[in-house]
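Below is one structure, written out as structure tokens; the observations come after it.
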Amino acid sequence: MPKLILLIGLPGSGKSSLTRSMQRSCSNLIVISTDAIRATLFGNEAVQGEWLLIWREVGQQFQQAAQRIQQGGGKTAIYDATNAKRSHRKEVIALARSIGFTHITFLWLDVPLSLCLQRNQQRDRQVPEEVIHRMYRQLSDAPPSLREGIECLIQYRKPEMAGKPDDCTEE
Numbered sequence: 008m009p010k011l012i013l014l015i016g017l018p019g020s021g022k023s024s025l026t027r028s029m030q031r032s033c034s035n036l037i038v039i040s041t042d043a044i045r046a047t048l049f050g051n052e053a054v055q056g057e058w059l060l061i062w063r064e065v066g067q068q069f070q071q072a073a074q075r076i077q078q079g080g081g082k083t084a085i086y087d088a089t090n091a092k093r094s095h096r097k098e099v100i101a102l103a104r105s106i107g108f109t110h111i112t113f114l115w116l117d118v119p120l121s122l123c124l125q126r127n128q129q130r131d132r133q134v135p136e137e138v139i140h141r142m143y144r145q146l147s148d149a150p151p152s153l154r155e156g157i158e159c160l161i162q163y164r165k166p167e168m169a170g171k172p173d174d175c176t177e178e
């Protein structure tokens, strides 16, 4: 039963930090990251590049992950991307279902905008502030919901928990 965790959060919310921490705790976790895909395709994760090329690679990696899980090479794939737009989340869900993912969880790092902006300033690769503000509006206008056709929605609201799953307990 292939499972997918779809991360949702602004740049600077802790998605990639959380993913790395989860990988240390769960060695058979399969990570699909748009940053890693951009680095492979364009030589640098900061290069946004043509979305169609990135999306095609996301689809291939989802397919590989589902096959690996079905063959016993893991239990869960995690998709590390901002996923701020509902329409994009809908496309990801449709792709995942068509490939055979049977259980999809949204893991929303609902970190305050001010903290994301502060963290962004401390990064080597900064996202333009207007982009973060736009994504914030997209998430505010269409927050993640179970009605999007998923099995589980986990929302981290405490900023100190974002990117630090060791501090969290599963309920």
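If you're matching positions, the sequence shown starts at 8 in our numbering and goes up one per residue. Using N, Cα and C, we set each Cβ at its ideal position, and we do this for glycine too.
Nearest residue (CA-CA) to residue 65, options 42, 75 and 76
If you number the sequence shown from 1, residue 65 lands on position 58. Nearest option by C-alpha distance: 42.
Test item: CB-CB of residue 20 and residue 118 under 7 Å
Stepping through the sequence shown from its first residue, residue 20 is reached at position 13. Stepping through the sequence shown from its first residue, residue 118 is reached at position 111. Contact flag set, yes.
Can you grab the Cα-Cα spacing for the pair residue 48 / residue 85, in whole Å?
Translated into the one-based positions of the sequence shown, residue 48 becomes position 41. Translated into the one-based positions of the sequence shown, residue 85 becomes position 78. So the alpha carbons of these two residues sit roughly 20 Å apart.
In terms of alpha-carbon separation, which member of 146, 52 and 102 lies closest to residue 115?
The residue given as residue 115 occupies position 108 in the sequence shown. Considering only alpha carbons, the answer is 146.
What distance in whole Å lies between the Cβ atoms of residue 14 and residue 83, which are believed to be in contact at a cut-off of 8 Å?
By 1-based counting over the sequence shown, the position of residue 83 is 76. By 1-based counting over the sequence shown, the position of residue 14 is 7. Not confirmed; about 12 Å, so no contact.
So what's residue 113 in DSSP terms, helix, strand or just coil?
Position 106 of the sequence shown, counted from the start, is the residue given in the question as residue 113. It is a strand residue.
Have a look at residue 102 and residue 69 and give me their C-alpha separation to the nearest angstrom.
Along the sequence shown, one-based indexing puts residue 102 at 95. Along the sequence shown, one-based indexing puts residue 69 at 62. If I take the Cα positions, the gap works out to 8 Å.
For residue 91, collect the residues of the same chain with a Cβ closer than 6 Å to its Cβ; drop the 5 residues on either side in sequence, then sort them by chain order.
Start at 1 with the first residue of the sequence shown, and residue 91 comes out as number 84. Within the same chain, residue 91 has close Cβ partners 142, 145 and 146.
Indicate whether the contact test is met: 3 or more Cβ pairs, each with one atom in the segment 117-136 and one in the segment 22-29, closer than 8 Å.
no
Three-way DSSP call (helix, strand, coil) for residue 33 in this model
If you number the sequence shown from 1, residue 33 lands on position 26. In the structure shown, residue 33 sits in coil (DSSP, three-state: anything other than H, G, I, E or B).
Sequence-distant residues of the same chain with beta carbon closer than 8 Å to residue 161, five excluded per side
Against the sequence shown, residue 161 aligns to sequence position 154. Within the same chain, residue 161 has close Cβ partners 112, 113, 114 and 115.
Taking just the CA atoms, how far does residue 52 sit from residue 39?
The residue labelled residue 39 in the question sits at position 32 within the sequence shown. The residue labelled residue 52 in the question sits at position 45 within the sequence shown. Looking at the two C-alpha atoms, the distance is approximately 13 Å.
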